[in-house]
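Colleague: Just so you know, the protein sequences line up as chains S and A, in that order. Under our numbering, residues 9 to 200 are what the first sequence spells out, in order. Under our numbering, residues 9 to 200 are what the second sequence spells out, in order. In this text, a Cβ means the ideal position worked out from N, Cα and C, and glycines have one as well. These figures come from a predicted structure and were not determined experimentally. Can you keep this structure in mind? I'll have questions shortly.
Number of protein chains: 2
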Amino acid sequence: MAVQTRTLKTRAKLIEAAQNRINEAGYEALRVEDVVKDAGVAKGTFFAHFKDKDALMDHLIGGEIHAFLDEVELMEPPKSVDEILDALMPSFEFMTQERFVFDVILRHSGAAQNSEIGAIAQTFIRNGTVMAHWLAHGPFRKDIDPALMADGVGAFQIQALALHFCTAHNGFSIRDRMETYLNAWLLPKPSG
Amino acid sequence: MAVQTRTLKTRAKLIEAAQNRINEAGYEALRVEDVVKDAGVAKGTFFAHFKDKDALMDHLIGGEIHAFLDEVELMEPPKSVDEILDALMPSFEFMTQERFVFDVILRHSGAAQNSEIGAIAQTFIRNGTVMAHWLAHGPFRKDIDPALMADGVGAFQIQALALHFCTAHNGFSIRDRMETYLNAWLLPKPSG
DNA sequence: CTATGAAAGTGACCATGGTCAATTTATGGA
DNA sequence: TCCATAAATTGACCATGGTCACTTTCATAG
């Protein structure tokens, strides 16, 4: 049997309720119990729709990041590290709004450990694709595969975000740190 | 008043009980209730010694990693990417034994968000120090600060470990992936 | 040796995510 | 229209991490 309209409606109610709560009080404060109460369904229903609370978080946070990527994909390939940073900063802002959000992203960035790939993991893949295309067409090092370059940008992204939450490493903004990383990664000058 | 002997004994009992359980059934299966039962103390006592379960994990996992670093610090500075990998692999093995372990490490790698720095975060700092020293004295690129190089190695480490748990990225071993990363990061050849 | 205040320890209790046997609702065929 | 089956939903219940008012133990001043 195909999925019923009812199912889609319930799912929509759950997601809307969750989003509303998050808009009010942030991601960390979200409680499954509140969501099902607002959505007017039983607790068990929630878990029929989402494997666990984290799956909902993956869906919602992944959705936000996908929206940023929609913007990013419309851009011209950047011609400098600075232009790359301009493109990345909006999503960085989102990812650092709450430590909790970044933790969810971290947990899910390496893709689902088992089953199918989640929304956040998808954004990383999508990000890699866009980035590889950009890097292949920009004024950057040519000695390595653009996919590898993109992979590295992803790694430095995580690093910069992680250090942002680290009390020992303040004083540098994420953008400044990323700029240092990307210059060293994309524009190495080992001879000079 | 100074800390009492009693305190140290209780703490030791808790840690020993936890370590035994972990040796039996792994990190993920650890239950606070089991630990306090084995240690012969009340649940509340556990939380008087550790802020939360994660703090115990940080202590135990951080301890293991510190032991690897003890070995690493005795080594001669490596003369190639391959030798760096030889030095890193043992701890990689430990970090990938359980997805759960890697998640704990990820959560704590960026140092404590608030209060004082945890054991795992310390290992990252220590690792950075050793690595910077190595890189400064090895046949690697000279156009950037060794500390920055070390920082990058850390970022690629996380990336390689994360991808190891990603079903979409199998076929490459961690070591192979790290080798690719480190060659591109430490020995760039943008001209050729 | 005893009183006293601080440190350590206790366990009933709470918060919250997650499960599952039972129930209700939808769908398609006879 | 009615039945059989699958899908969807329910909510009591469980697992487990974490809290806190209270009790016990310790160290030291007098």
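Nearest-angstrom Cα distance between F108(S) and E36(S)?
Modeller: The residue you call residue 108(S) lines up with position 100 of the first sequence. The residue you call residue 36(S) lines up with position 28 of the first sequence. Between F108(S) and E36(S), the C-alpha separation is close to 6 Å.
Colleague: Shortest alpha-carbon distance to D111(A) belongs to which of I166(A), F148(A), P98(A) and T15(A)?
Modeller: Residue 111(A) sits at position 103 when you count from the first residue of the second sequence. Of I166(A), F148(A), P98(A) and T15(A), the residue nearest in Cα terms is I166(A).
Colleague: Assuming contact is defined by CB atoms lying nearer than 8 Å, are R149(S) and L96(S) in contact in what I supplied?
Modeller: In the first sequence, counting from the first residue as 1, residue 149(S) sits at position 141. In the first sequence, counting from the first residue as 1, residue 96(S) sits at position 88. Against a cut-off of 8 Å, the Cβ pair of L96(S) and R149(S) comes out as no contact.
Colleague: Determine, using beta carbons only, whether G34(A) comes closer than 8 Å to chain S.
Modeller: Here residue 34(A) refers to the residue found at position 26 when the second sequence is read from its first residue. For G34(A), the answer is no, since every Cβ of chain S falls outside 8 Å of its Cβ.
Colleague: Does the CB of F102(S) have a neighbour CB from chain A at under 8 Å?
Modeller: Numbered from its first residue, the first sequence carries residue 102(S) at position 94. Taking Cβ atoms only, chain A never reaches closer than 8 Å to F102(S), which makes this a no.
Colleague: Any Cβ of chain A within less than 8 Å of the Cβ of Q105(S)?
Modeller: By one-based count along the first sequence, residue 105(S) stands at place 97. Chain A contact via Cβ: absent.
Colleague: Determine, using beta carbons only, whether I73(S) and L190(S) come nearer to each other than 8 Å.
Modeller: Position 65 of the first sequence holds residue 73(S). Position 182 of the first sequence holds residue 190(S). No, the pair does not count as a contact, with Cβ atoms beyond the cut-off.
Colleague: Which word fits N135(A), buried or exposed, when buried means at least 16 other C-beta atoms lie within 10 angstroms of its C-beta?
Modeller: Residue mapping note: residue 135(A) aligns to position 127 of the second sequence, counting from 1. Result: buried.
Colleague: Given a threshold of 16 other Cβ atoms within 10 Å of its Cβ, counted over all protein chains shown, does G179(S) qualify as buried or as exposed?
Modeller: Within the first sequence, residue 179(S) is the residue found at index 171, counting from 1. By the neighbour-count rule (16 or more Cβ atoms within 10 Å), G179(S) is not buried but exposed.
Colleague: Verify the CB distance criterion: does T188(A) have a CB-CB separation below 8 Å to chain S?
Modeller: Counting from 1 along the second sequence, the entry for residue 188(A) is found at position 180. For T188(A), the answer is yes, since a Cβ of chain S falls inside 8 Å of its Cβ.
Colleague: Starting from the N-terminal side, write out each stretch of the alpha helix (DSSP H) that is 4 residues or longer and does not extend beyond the region 81–113 of chain S.
Modeller: 89–104
Colleague: As a quick exercise: from K21(S), A63(S), E106(S) and K87(S), pick the residue whose alpha carbon is nearest that of A201(S).
Modeller: In the structure as shown, chain S starts at 9 and stops at 200, and residue 201(S) therefore has no counterpart that could be examined.
Colleague: Excluding the five sequence neighbours on either side, which residues of its own chain have a C-beta within less than 8 Å of the C-beta of M103(S), listed in chain order?
Modeller: Numbered from its first residue, the first sequence carries residue 103(S) at position 95. Excluding positions up to five away in sequence, the list reads I73, V109, F110, I113 and L169.
Colleague: Using CA atoms only, rank isn't needed, just tell me which of V40(A), L38(A), M186(A) and G48(A) is closest to H172(A).
Modeller: By 1-based counting over the second sequence, the position of residue 172(A) is 164. Comparing Cα positions, the closest option is M186(A).
Colleague: Assuming L38(S) is part of the alpha helix (DSSP H), what are its boundary residues?
Modeller: Looking up residue 38(S) in the first sequence gives position 30. No alpha helix (DSSP H) contains L38(S), which DSSP labels as neither H nor E.
Colleague: Would you call V161(A) buried or exposed, if buried means 16 or more other Cβ atoms sit within 10 Å of its Cβ?
Modeller: Within the second sequence, residue 161(A) is the residue found at index 153, counting from 1. Buried.
Colleague: Which stretch, first to last residue, makes up the alpha helix (DSSP H) that contains F55(S)?
Modeller: Taking the first sequence and counting its residues from 1, the one referred to as residue 55(S) is at position 47. Residues K51 to H57.
Colleague: Is it a yes or a no for the region 64–73 of chain S touching the region 124–134 of chain S, going by three-plus beta-carbon pairs under 8 Å?
Modeller: yes
Colleague: Taking Cβ positions only, does P198(S) come closer than 8 Å to chain A?
Modeller: For the purposes of this step, residue 198(S) is identified with residue 190 of the first sequence, where counting begins at 1. With 8 Å as the cut-off, P198(S) counts as an interface residue toward chain A.
Colleague: Distance check for P147(A) and P198(A), CA to CA, integer angstroms please.
Modeller: By 1-based counting over the second sequence, the position of residue 198(A) is 190. By 1-based counting over the second sequence, the position of residue 147(A) is 139. Straight-line Cα distance between these residues: approximately 17 Å.
Colleague: Give, in chain order, every residue of the region 18–43 of chain S whose Cβ lies closer than 7 Å to some Cβ of chain A.
Modeller: none
Colleague: For A26(S), which residues from the same chain have a beta carbon less than 7 Å from its beta carbon, with the 5 sequence-adjacent residues on both sides left out?
Modeller: Residue 26(S) sits at position 18 when you count from the first residue of the first sequence. Here the set comprises L38, V43, L64 and L68.
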